[in-house]
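Numbering-wise, the numbering used here puts 64 at position 30 of the sequence shown, and it's gapless, one number per residue.
The structure under discussion appears below in the form of structure tokens.
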Amino acid sequence: MLMVALAAGLPLLVAGIVMAVVFTGTGVVGSSPLHRAVDEYLDAVGNGDHAPATAPEGLCPDGTGDPAAVLHSLAKTFEHHIVSSTASADDASVNVDLTQGDGDPVAVVLDLRRSGDRWEVCAASTGQVAIDPF
């Protein structure tokens, strides 16, 4: 009977550990440097403050505009929720919902570039990018 319990329980324990690692490693907002950078940026801009320091010259593509101005055109102040993100090498896209007061969320995508170990917001636009979860 003990062997049956161990045989059934061990795979469940391993599956639980794997799920915990996956969800705490990627599913919790703010757990990655990318999400922390987005949170810091949107906390400042969402409070009506100026955006944090901009990316070094040449890091962001030309013509991307001012992402804080785009966000402030949608709402002067807002709260945010990171929906999903994808990154490859030094480029990333993060889908975010912005909420102003009791209003409906506005879907926004932020494009970021990495400089060393720091992610910098380069652009913001309405909508979201499709991100394959697998």
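Heads up, the beta-carbon is just placed ideally off N, CA and C, and yes, glycines get one too.
Practice prompt. Output the boundary residues of the alpha helix (DSSP H) element that contains H84.
Written response: Against the sequence shown, residue 84 aligns to sequence position 50. Counting along the chain, H84 falls outside any alpha helix (DSSP H), and DSSP gives it neither H nor E.
Worksheet entry | Cβ distance (whole Å) where F112 is taken to contact T133 below 8 angstroms | Walking along the sequence shown from the start, residue 112 turns up at place 78. Walking along the sequence shown from the start, residue 133 turns up at place 99. About 6 angstroms separates the two Cβ atoms, so the contact holds.
Worksheet item: Going by beta carbon distance, what residues of the same chain come within less than 7 angstroms of V104, once the five residues before and after it are set aside?
Response: What you label residue 104 is simply residue 70 of the sequence shown in a count that begins at 1. For V104, where only same-chain residues beyond five positions count, the Cβ hits under 7 angstroms are A158, S159.
Item to complete: Return yes when the Cβ of S127 is within less than 9 angstroms of the Cβ of D145, no when it is not.
Response: Indexing the sequence shown from 1 puts residue 145 at position 111. Indexing the sequence shown from 1 puts residue 127 at position 93. Yes.
Practice prompt. Could you check if H114 is buried or exposed, using at least 16 other CB atoms within 10 Å of its CB as the buried criterion?
Written response: The residue labelled residue 114 in the question sits at position 80 within the sequence shown. Per the 10 Å Cβ criterion, buried.
Worksheet item: So is the beta-carbon of G99 under 8 angstroms away from any non-hydrogen atom of the ligand COA?
Response: The ligand COA is absent from the structure shown, which contains no ligand whatsoever.
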